[in-house]
Amino acid sequence: MTKNVAQLMGDLESIGRDPLRGGYSRPGFGTHELRLLEWFVAEAESRGLDIERDRNGITWAWWDLPESAASSAADSDDKPNRAHAIATGSHLDSVPGGGAFDGPLGVASALASLDQLQEQERNGTLRRTKPLVIAVFPEEEGSRFGVACLGSRLITGAITPQRALALTDRDGSSFADAARAVGLNPEHMGADPARLSGLDAFLELHVEQGKFLGKDPLGPAVAVASSILGHGRWRFSFAGQGNHAGTTLMADRHDPMIAAAAFVVAVRDEVSAESGARGTVGRLEPIPGGTNVVASRVDVWLDVRHPDDVVTAGLVERLHHRATALAAAEGCTVTMSEESMTGTVNFDGELARGLLNSVERVAPGAQLLPSGAGHDAGILASAVPTGMIFTRNPTGISHAPEEYVEDADAQHGVKALTLALADLLTEEPQN
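Counting from 1, one number per residue, gives the positions in the sequence shown under UniProt numbering.
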């Protein structure tokens with residue numbers, strides 16, 4: 001018995017709830033993400049898909065061509081022909097206290113869309129020329145190891161395996177340790193151009209994470225992505241002198257928390273003065289972190305986004321100068337390190353126009369929409385033609401428990417994805 005997308009999402013409601021923050025906390029390679037992955041594998045296998053987990057921890061669920069179509073093109077050892085595949089999917093991890101839909105909606109929608117496509121193939125209304133694969137990417141949010149889209153960065157070579165494996169989480173566990181714990185071999189991780197060359201396109205359905213689609217409840221429930229805003233993460237480490245809160249006079253302190261606090265305000269002021277820019281400090285960690293201790297160091301993580309990568313670089317440089325001056329005023333020092341940077345991505349124009357044609361059959365008046373959020377599709381765009389479909393979020397809130405998608409809108413998203421995939425799956429492969 002197949003399930004609709006709302007029923008599939010309902011299967012996940014109890015996994016990874018965060019009683020402190022609200023919402024869900026499902027860090028990459030953590031217990032909750034692994035439970036979600038087990039759910040996905042079970043659902044995919046029940047639909048006859050062939051499951052494999054690649055060397056970078058990406059899970060691929062293959063719907064191969066029917067035997068009659070595949071036999072003539074199969075390899076000599078009778079392996080299925082997986083050239084010119086069309087891929088869809090998303091991720092299952094979350095930010096701390098995130099919403100229910102960011103990531104899992106794309107995976108559940110892919111399964112629901114597959115159900116419709118398989119039914120069409122059974123009744124003879126779909127004649128595929130290409131295989132379909134659903135991909136689930138690990139550590140998309142970067143909430144555990146600090147680098148977003150880690151799986152897609154590894155497979156495309158956007159991050160070296162050496163750097164990735166050395167990343168650590170808040171408990172000091174390395175990414176290499178986490179990979180080994182789930183049965184991956186860190187020595188085999190890295191770019192996989194052969195796998196990517198076998199994909200003709202990748203489509204990612206995602207909850208819309210802003211206010212565009214939510215403005216008009218009677219308007220289209222879905223949109224097509226045109227671009228992704230350039231964005232990066234930097235860590236500023238303010239260092240001072242740790243000391244006793246009771247015995248150290250205010251005039252004798254070299255308190256990095258004061259410099260860090262002033263820097264947070266400076267981020268707001270500096271970024272607000274730059275049209276189209278976004279700047280956020282969402283994480284700040286004092287060391288050692290005691291209530292009655294003057295901190296010896298405070299680490300501050302900065303997220304900056306702007307459509308022009310030159311503007312982003314200039315903003316970060318100005319903020320570095322501000323941080324240096326603020327630290328010096330407190331008798332402290334500061335160092336800045338880049339954790340990740342992804343330039344503005346403009347999605348494949350031909351694919352975006354084709355997607356829009358498909359989506360408009362479900363949602364007349366659907367539009368192209370730029371995204372201020374990062375996605376695996378944006379990383380893969382350097383190697384594979386990629387596109388995205390957004391499903392309406394009436395709250396306009398994401399990365400928070402208030403993130404939401406109406407069941408009817410989720411169904412519209414699945415219909416749009418199904419039409420788009422059917423169009424791509426029936427195209428003649430171009431050698």
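Each residue gets a CB set at the ideal place from its N, CA and C atoms; glycine is no exception. Just so you know, these numbers come straight off a predicted model, no measurement behind them.
Rounded straight-line distance, which links the Cα of residue j to that of residue i
i	j	result
Asp171	Gly365	48 Å
Ala176	Gly142	15 Å
Ser227	Leu284	30 Å
Leu184	Glu338	27 Å
Tyr24	Leu12	10 Å
Ala73	Pro193	Note on Ala73: pLDDT 47, under 50, position unreliable in the model; the coordinate value appears next. Roughly 22 Å between the two C-alpha positions.
Arg278	Ala373	11 Å
Thr248	Glu403	45 Å
Gly190	Thr125	40 Å
Arg268	Ala410	35 Å
Val405	Val207	7 Å
Glu281	Glu428	Before going on, a small fix: residue 281 reads as Val here, not Glu. The straight-line gap from Cα to Cα measures roughly 48 Å.
Asn393	Ala323	37 Å
Ile379	Cys332	37 Å
Ala14	Asp93	According to the sequence as given, residue 14 is Ser; it is not Ala. Cα to Cα, the separation comes out at about 14 Å.
Phe347	Ala381	7 Å
Arg318	Leu203	37 Å
Phe212	Leu154	32 Å
Asn123	Arg235	55 Å
Gly289	Phe263	19 Å
For residue i: DSSP bridge partner residues
i	result
Arg305	His231, Arg278
Met388	Glu204
Met341	Gly232
Thr333	Ala239
Pro193	Paired residues: none, contrary to the question.
Asp299	Ser237, Glu285
Arg53	Thr59
Asn431	Beta-bridge pairing links Asn431 to no other residue.
Pro370	Ser227
Classification of residue i by the beta-carbon crowding that lies within 10 angstroms, buried from 16 upward
i	result
Arg144	buried
Val147	buried
Asp75	Per-residue confidence for Asp75 stands at a pLDDT of 49, beneath the threshold of 50, marking its modelled position as unreliable; the derived number appears in the next sentence. Classification for Asp75: exposed.
Asn292	exposed
Arg361	exposed
Lys215	exposed
Lys415	buried
Ser197	exposed
Lys130	buried
Ser237	buried
Ser275	exposed
Ser272	exposed
Integer-rounded CB distance, given that residue j should sit under 8 Å from residue i
i	j	result
Glu139	Gly157	With a Cβ gap of about 16 Å, Glu139 and Gly157 do not count as contacting.
Leu65	Arg128	6 Å
Trp60	Leu132	That belief does not hold up - the Cβ atoms of Trp60 and Leu132 are roughly 11 Å apart, past 8 Å.
Met388	Ala400	Contact flag wrong, Cβ pair sits at about 21 Å.
Leu114	Arg195	Incorrect: roughly 20 Å between the Cβ atoms, too far for contact.
Thr342	His231	6 Å
His91	Val136	7 Å
Pro286	Met257	6 Å
Whole alpha helix (DSSP H) elements within the segment 132 to 168, 4-residue minimum:
The qualifying runs are 150 to 156, 161 to 166.
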